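Participant: Please find one structure pasted underneath; my questions will follow.
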Amino acid sequence: MGRDGNRSVGQTIIKHQSNQVNYRIKQTRPHKRFKILPYLIFALIILGGFGYLSLFSATEPGQEDVRIVVKNGESLADIGTELHAKKIIRSPLAFRIVARVKGIDREIRSGVHTLTQGKSLSDVLQALTQSSPEEISITIPEGYSVYDIDALLAGRELITAGKFIEKAAQYEGRLFPDTYFIFTENFTPDQLIRKMRVNFESKMTEDVRRKIAASGRSEHDILVMASILEKEVRTPKDLALVSGILWKRLDNSWALQADATLLYGKKDKTITSADLESNTPYNTRKFRGMPPTPIANPGLATIMAAIEPESSPYWFYLTDAEGTVYYAVTNEEHNENRRKHL
Numbered sequence: 635m636g637r638d639g640n641r642s643v644g645q646t647i648i649k650h651q652s653n654q655v656n657y658r659i660k661q662t663r664p665h666k667r668f669k670i671l672p673y674l675i676f677a678l679i680i681l682g683g684f685g686y687l688s689l690f691s692a693t694e695p696g697q698e699d700v701r702i703v704v705k706n707g708e709s710l711a712d713i714g715t716e717l718h719a720k721k722i723i724r725s726p727l728a729f730r731i732v733a734r735v736k737g738i739d740r741e742i743r744s745g746v747h748t749l750t751q752g753k754s755l756s757d758v759l760q761a762l763t764q765s766s767p768e769e770i771s772i773t774i775p776e777g778y779s780v781y782d783i784d785a786l787l788a789g790r791e792l793i794t795a796g797k798f799i800e801k802a803a804q805y806e807g808r809l810f811p812d813t814y815f816i817f818t819e820n821f822t823p824d825q826l827i828r829k830m831r832v833n834f835e836s837k838m839t840e841d842v843r844r845k846i847a848a849s850g851r852s853e854h855d856i857l858v859m860a861s862i863l864e865k866e867v868r869t870p871k872d873l874a875l876v877s878g879i880l881w882k883r884l885d886n887s888w889a890l891q892a893d894a895t896l897l898y899g900k901k902d903k904t905i906t907s908a909d910l911e912s913n914t915p916y917n918t919r920k921f922r923g924m925p926p927t928p929i930a931n932p933g934l935a936t937i938m939a940a941i942e943p944e945s946s947p948y949w950f951y952l953t954d955a956e957g958t959v960y961y962a963v964t965n966e967e968h969n970e971n972r973r974k975h976l
């Protein structure tokens, strides 16, 4: 029994040890999923790095300046939200982090800041710490010519008289009338001209240009007609009707006889006998056809009236001192209106 018992005990021990060995081998055998774990971690690090860079990198460059108003006491979070909404930065969170790390959060100045898209976070923050120059609004009414705008700017002591005309005359008709914000410091006519031209192009959408093409008129002629309407008609309800009369006169080789063209560029708004006999191409009393250029800068509603004129039996119209328009079919009726209302 001693031998058997010893053998029995020895076998048991060996078996137990064998089980332990087997158990350990099973536990240390690597699983397939653990083999790819390092690759997953590496991929996450790479993706995280790209994500980090995208948050802190510059936005896509833009063509227009973006106006940001920082109010006195405004929080960094609110400033970041506005910058993100206007596509100046990619992440409000990244903006706040960089501002605080650099210690710039307390140096941001209130006021109006003009920023551009495509700048780094550091550049944006640096711009916000600079003193903002004085900014004013300039309202250019519909129907203002380059001569009118020049007088307006000179009256505000922003330019020397004649400087805007010199720079902008070639763009007459394509300077969109609107309210613009400009900086008084180092102001130049080119700054306003650029804003007005960009605004004009934004208003001349594909739909508007499609309608111009459908009208059978050139864009140039549409703008010339719209500019005449701006100067000849004061009431929106009459724009399309007068447009129809003027187009009809042109299409039938009649002279436009629009007094506004004779007054183009004149400081004195009185038409003289010398004006009526002048050989200027803007004398539509004497010469048939369109004047060579627009005589003002029309608003969108007036441009649409030139594109979509209203048909009528009328061939004549006049506008009294109060802006009321009177229509006539014949020259006799027109002369009667002149006697009554002028």
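Per the numbering used here, the sequence shown runs over residues 635 to 976. Where a beta carbon is used, it is the ideal one built from N, C-alpha and C, also for glycine. If you're wondering where the values come from, they're calculated on a predicted model, not measured in any experiment.
Note down, in chain order, each residue of its chain lying with its Cβ closer than 7 angstroms to the Cβ of Ser688, except the 5 sequence neighbours on either side.
Facilitator: Since pLDDT at Ser688 reaches only 46, below the 50 mark, its modelled position is unreliable, and the value read off the structure follows with that caveat. Answer for Ser688: Arg724, listed in chain order.
Participant: Cβ of Val704 within 8 angstroms of Cβ of Leu792?
Facilitator: No; because the gap between Cβ atoms is not below 8 angstroms, this pair is not in contact.
Participant: Helix, strand or coil, according to DSSP, for Val963 in the structure here?
Facilitator: Coil at Val963, not helix or strand.
Participant: Taking contact to mean 3 or more Cβ pairs, one atom from each stretch, closer than 8 angstroms, check whether the stretch 960-971 and the stretch 933-945 are in contact.
Facilitator: In short, these stretches do not touch, since the Cβ pair count stays below three.
Participant: Closest to Phe1008 by C-alpha separation, out of Thr750, Thr773, Asp757, would be which residue?
Facilitator: The shown model of the chain, from 635 to 976, leaves out residue 1008, and the question about it has no answer.
Participant: With DSSP collapsed to three states, give me the class of Arg973.
Facilitator: In this structure, Arg973 counts as helix in the three-state DSSP scheme.
Participant: Taking the alpha-carbon of Ala940 as reference, which of Phe921, Gly850, Asn706 has the nearest alpha-carbon?
Facilitator: The option with the nearest alpha carbon to Ala940 is Gly850.
Participant: Closest by CA to Leu994, which one among Glu911, Val832, Leu952, Ser907?
Facilitator: Beyond the ends of the chain as shown, which are 635 and 976, falls residue 994; an answer cannot be given.
Participant: By DSSP, does Asp782 sit in helix, in strand, or in coil?
Facilitator: Residue state, collapsed to three classes: helix.
Participant: How far does the beta strand (DSSP E) with Ile774 in it reach, from first residue to last?
Facilitator: No beta strand (DSSP E) holds Ile774; DSSP gives it neither H nor E.
Participant: My assumption, with CB atoms under 8 angstroms, is that Leu890 sits in contact with Val876. Please give the rounded CB distance.
Facilitator: About 11 angstroms separates the two Cβ atoms, so there is no contact after all.
Participant: What residues match up with Gly707 in a beta bridge as DSSP calls it?
Facilitator: DSSP, once it has assigned bridges, lists no residue as partnering Gly707.
Participant: In angstroms, rounded to a whole number, what distance separates the CA positions of Pro726 and Ala848?
Facilitator: About 47 angstroms.
Participant: Using only the alpha-carbon positions, how far apart do Tyr686 and Thr839 sit?
Facilitator: Because the pLDDT at Tyr686 is just 46, under 50, the model does not fix this residue reliably, and the value given afterwards should be weighed accordingly. Roughly 38 angstroms separates the two Cα atoms.
Participant: Quick one: residues in its chain with C-beta nearer than 8 angstroms to the C-beta of Ile742, no 5 flanking neighbours on either side, listed in chain order?
Facilitator: Correct list, in chain order: Val704, Leu710, Ile713, Ala733, Leu759, Leu762, Thr763.
Participant: For Glu698, which residues of its own chain have a beta-carbon under 7 angstroms away from its beta-carbon, when the five flanking residues on both sides are left out?
Facilitator: If we look at Glu698 and ignore the five residues flanking it on each side, its Cβ neighbours are Val832.
Participant: In angstroms, rounded to a whole number, what distance separates the CA positions of Ile799 and Val780?
Facilitator: For Ile799 and Val780, the distance between alpha carbons rounds to 6 angstroms.
Participant: Could you work out which residue in Arg883, Ala860, Thr773 is closest to Val963 when comparing CA atoms only?
Facilitator: Comparing Cα positions, the closest option is Arg883.
Participant: So, is Ile846 buried or exposed, given that buried needs 16 or more other C-beta atoms within 10 angstroms?
Facilitator: It counts as buried.
Participant: Could you check the C-alpha separation between Leu755 and Lys736 for me, to the nearest Å?
Facilitator: Whole-angstrom Cα-Cα distance: 11 angstroms.
Participant: To the nearest angstrom, how far is the alpha carbon of Asp855 from that of Thr715?
Facilitator: Taking the straight line joining both Cα atoms gives about 45 angstroms.
Participant: Look at the alpha carbon of Ala979 and the alpha carbon of Thr927, and state the distance between them as a whole number of angstroms.
Facilitator: Coverage of the chain is limited to positions 635 through 976, which leaves residue 979 absent and any answer about it impossible.
Participant: Buried or exposed for Ala719, please, with buried defined as at least 16 other CB atoms from any protein chain shown within 10 angstroms of its CB.
Facilitator: Result: exposed.
Participant: Whole-angstrom Cβ separation of Ala874 and Pro925, contact assumed at under 8 angstroms?
Facilitator: Between Pro925 and Ala874 the Cβ distance is about 21 angstroms, and since that is not below 8 angstroms, they are no contact.
Participant: Would you mind reading off the limits of the beta strand (DSSP E) that contains Gly878?
Facilitator: It is not in any beta strand (DSSP E) - Gly878 instead sits in the alpha helix (DSSP H) that spans 873-885.
Participant: Can you pull the DSSP bridge partners for Ile929?
Facilitator: Paired residue(s): none; Ile929 is not in a bridge.
Participant: Which stretch, first to last residue, makes up the alpha helix (DSSP H) that contains Ile937?
Facilitator: From DSSP, the alpha helix (DSSP H) with Ile937 extends over 934-941.
Participant: What distance in whole Å lies between the Cβ atoms of Glu769 and Phe815, which are believed to be in contact at a cut-off of 8 angstroms?
Facilitator: About 5 angstroms separates the two Cβ atoms, so the contact holds.
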